[in-house]
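**Student:** Residue numbers (my numbering): 1 to 404. A virtual CB, placed ideally from N, CA and C, is assigned to each residue, including glycine. In this text the structure is predicted, and so the values were computed from the model without any measurement.
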Amino acid sequence: MKILAILIALLGLRPLFAQGYQYQADVEQPQETGFCQVQLDPSITTKLNASFSDLRLRNGKGVEQPYILEKEAFSVHKRVFKTYRLVEKKRWRNGATVLYVENEAKDMINNIQLQIRNFDVRKRLELAGSDDYEDWYAIKENYVFWSANGKDTTSEAKGLYFPYSDYRYYRIIIYDVYSMPINVLQVGYFDTYREQGKFSKIDNPELYRIDSNEVKETYIKLKFNGNPYFDKLTFKVDKPEFYYRKARLALKQKDYKGRTYYQTITRFVLHSNSELTLFETAFPHQEFYLIVENEDNPPLEGLNIEAYQLNHRLISYFETGENYTLVFGSDSVLPVPNYDLQFFRDKIGKQVPVLSVRRIRPFAEAESKKGSPADTTVLWIVVAVVALLLGLISYKMITEMEKK
1 MKILAILIAL
11 LGLRPLFAQG
21 YQYQADVEQP
31 QETGFCQVQL
41 DPSITTKLNA
51 SFSDLRLRNG
61 KGVEQPYILE
71 KEAFSVHKRV
81 FKTYRLVEKK
91 RWRNGATVLY
101 VENEAKDMIN
111 NIQLQIRNFD
121 VRKRLELAGS
131 DDYEDWYAIK
141 ENYVFWSANG
151 KDTTSEAKGL
161 YFPYSDYRYY
171 RIIIYDVYSM
181 PINVLQVGYF
191 DTYREQGKFS
201 KIDNPELYRI
211 DSNEVKETYI
221 KLKFNGNPYF
231 DKLTFKVDKP
241 EFYYRKARLA
251 LKQKDYKGRT
261 YYQTITRFVL
271 HSNSELTLFE
281 TAFPHQEFYL
291 IVENEDNPPL
301 EGLNIEAYQL
311 NHRLISYFET
321 GENYTLVFGS
331 DSVLPVPNYD
341 LQFFRDKIGK
351 QVPVLSVRRI
361 RPFAEAESKK
371 GSPADTTVLW
381 IVVAVVALLL
391 GLISYKMITE
401 MEKK
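So this is what it looks like as structure tokens:
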């Protein structure tokens with residue numbers, strides 16, 4: 001009996017070794033050798049586990065390729081240098097450089113930035129403003145630049161700060177009495193703005209709706225095909241024109257006595273004056289409920305729900321002429337890969353070519369014709385052990401029969 005138990009255990013090992021990736025997809029070949037990014041749309045991400053650890057990039061020989069996985073932020077603050085139009089540049093007889101720039105929109109500003117080639121001398125500046133380019137009015141005097149030493153660059157933006165003004169023209173005087181002039185490359189300002197993250201739409205969930213007059217609530221079951229990991233839900237309501245309803249997302253649960261209850265995940269309000277948008281962070285639940293409190297009002301009509309996911313991308317080094325494949329969606333518990341590449345993200349740059357993903361298909365299609373060497377070796381070991389045990393069992397049975 002012990003031998004039989006061991007035999008059953010060994011036969012049960014085979015499915016464990018067979019566990020692997022469920023899907024694969026082809027990556028577009030790069031036009032040039034270098035770093036590229038692969039956009040991971042929801043058709044891929046909804047098949048991954050919560051940590052995205054079951055995703056690998058392989059080359060044509062099946063060798064795993066290091067990568068960096070990134071997700072867009074909801075929003076980022078960006079700072080960009082914008083130039084003013086240089087109307088005129090003069091050299092005065094007293095040894096001063098004079099710059100005339102135009103603030104065409106007459107924006108209210110309190111600083112002007114000068115992009116200057118690096119220098120290490122003391123310069124005194126003066127600023128004046130005008131609306132007609134004829135009559136000039138003082139804004140700032142005796143302003144001093146001591147040096148410009150751009151880090152890892154040959155120039156630096158030096159700020160000239162002053163009380164708020166909205167003149168159309170500004171005159172900047174740089175006194176060069178005791179030294180050669182400095183090289184001003186551009187005159188402008190830093191514009192700071194917020195850039196919203198980009199989303200990809202997830203396939204619409206199946207909706208199952210029940211309106212309960214007894215408890216004055218609407219229950220809508222949402223069922224996604226895969227793990228949604230959505231970051232944004234949008235709602236559209238046809239009727240009524242004006243409404244204000246408390247709502248919540250909840251999971252259907254059972255207590256220890258088998259009674260059904262709804263575990264609240266988040267609460268919010270649906271009302272006609274809002275954008276009807278709910279933001280979450282990688283919402284993982286494939287099936288959940290939207291519960292709307294109607295109070296004494298009729299249920300909302302034409303309620304439509306859409307889910308969106310912040311864009312994900314994979315960045316890696318690609319070579320021309322090489323084939324690359326994504327494999328993903330594993331049954332096994334895999335750790336998040338730890339690649340050296342993560343420490344060199346700042347060396348890659350923000351703008352890299354984009355490669356598309358093609359032919360998402362079950363992984364078994366590609367592996368049905370040939371197993372991996374490791375998998376084949378394990379299979380033969382199991383077969384050999386099983387054959388040996390069967391031989392021992394047969395020998396023991398024959399010996400016992402002879403004794404009888």
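1) Taking one C-beta from the stretch 198–210 and one from the stretch 263–270 each time, how about it: are there three or more such pairs within less than 8 angstroms?
2) Between the alpha carbons of Y229 and L303, how many angstroms are there, rounded?
3) Does the structure place the stretch 352–365 close enough to the stretch 39–50 that three or more beta carbon pairs sit under 8 angstroms?
4) If you check the beta carbons only, do S155 and I116 fall under 9 angstroms apart?
5) Is the beta carbon of A73 closer than 9 angstroms to that of G226?
6) Does the beta-carbon of K350 have 16 or more other beta-carbons within 10 angstroms, so that it is buried, or is it exposed?
7) Quick check on the DSSP output: the alpha helix (DSSP H) that includes I116 runs from which residue to which?
8) Buried or exposed for V354, going by 16 or more other Cβ atoms inside 10 Å?
9) Would you call I220 buried or exposed, if buried means 16 or more other Cβ atoms sit within 10 Å of its Cβ?
10) What is the DSSP secondary structure of P42, counted as helix, strand or coil?
11) Thinking C-alpha only, which one of S179, V215, F283 and D191 is nearest P298?
12) Give every residue of the same chain whose Cβ lies closer than 7 angstroms to the Cβ of W92, excluding the five residues on either side of it in the sequence, and list them in chain order.
13) For Y21, which of L392, N213 and F328 has the nearest alpha-carbon?
14) Which ranges does the beta strand (DSSP E) cover as unbroken runs of at least 3 residues, wholly within the stretch 80–147, from first to last along the chain?
15) Closest by CA to T192, which one among A105, E275, H77 and A128?
16) Buried or exposed, going by whether 16 or more other CB atoms sit within 10 Å of the CB of V292?
17) Are I182 and V144 touching if we call contact CB-CB under 9 angstroms?
18) Indicate whether the contact test is met: 3 or more Cβ pairs, each with one atom in the stretch 29–38 and one in the stretch 319–339, closer than 8 angstroms.
19) Kindly list the residues whose CB is nearer than 7 angstroms to the CB of G150, restricted to its own chain and excluding five residues on each side of it in sequence; keep chain order.
20) To which residues of the same chain is L86 closer than 7 angstroms at the C-beta, ignoring the five residues directly before and after it?
**Tutor:** Here's the rundown:
1) no
2) Counting from 1 along the sequence shown, the entry for residue 229 is found at position 229. Counting from 1 along the sequence shown, the entry for residue 303 is found at position 303. Approximately 22 angstroms between the Cα atoms of the pair.
3) yes
4) Taking the first residue of the sequence shown as position 1, residue 155 is located at position 155. Taking the first residue of the sequence shown as position 1, residue 116 is located at position 116. Their beta carbons are under 9 angstroms apart, which means S155 touches I116 by this criterion.
5) Here residue 226 refers to the residue found at position 226 when the sequence shown is read from its first residue. Here residue 73 refers to the residue found at position 73 when the sequence shown is read from its first residue. Taking 9 angstroms as the Cβ cut-off, G226 and A73 do not qualify as a contacting pair.
6) Within the sequence shown, numbered from 1, the residue matching residue 350 stands at position 350. Its Cβ having fewer than 16 others within 10 Å, K350 is exposed.
7) Translated into positions along the sequence shown, residue 116 becomes position 116. Taken as a continuous stretch (DSSP letters only), I116 belongs to no alpha helix (DSSP H), being part of the beta strand (DSSP E) at I109 to R117.
8) Along the sequence shown, one-based indexing puts residue 354 at 354. Exposed, because fewer than 16 other Cβ atoms sit within 10 Å of the Cβ of V354.
9) The count along the sequence shown starts at 1 and reaches residue 220 at position 220. Label assigned to I220: buried.
10) On the sequence shown, residue 42 is found 42 positions in, with the first residue counted as 1. Residue state, collapsed to three classes: helix.
11) One-based indexing of the sequence shown puts residue 298 at position 298. When each option's Cα is compared against that of P298, the closest is V215.
12) For this step, residue 92 is matched to residue 92 along the sequence shown. Closer than 7 angstroms at Cβ, skipping near neighbours: V98.
13) Translated into the one-based positions of the sequence shown, residue 21 becomes position 21. Comparing Cα positions, the closest option is F328.
14) 85–92, 96–102, 109–117, 123–130 and 137–145
15) Walking along the sequence shown from the start, residue 192 turns up at place 192. It is H77 whose Cα lies nearest to the Cα of T192.
16) Here residue 292 refers to the residue found at position 292 of the sequence shown. Result: buried.
17) The residue labelled residue 182 in the question sits at position 182 within the sequence shown. The residue labelled residue 144 in the question sits at position 144 within the sequence shown. Going by C-beta atoms, I182 is not nearer than 9 angstroms to V144.
18) yes
19) Residue numbering aside, residue 150 sits at position 150 when the sequence shown is read from its first letter. Answer for G150: N118 and E156, listed in chain order.
20) Position 86 of the sequence shown, counting from 1, holds the residue named residue 86. Same-chain partners within the cutoff: L99, V101 and V187.
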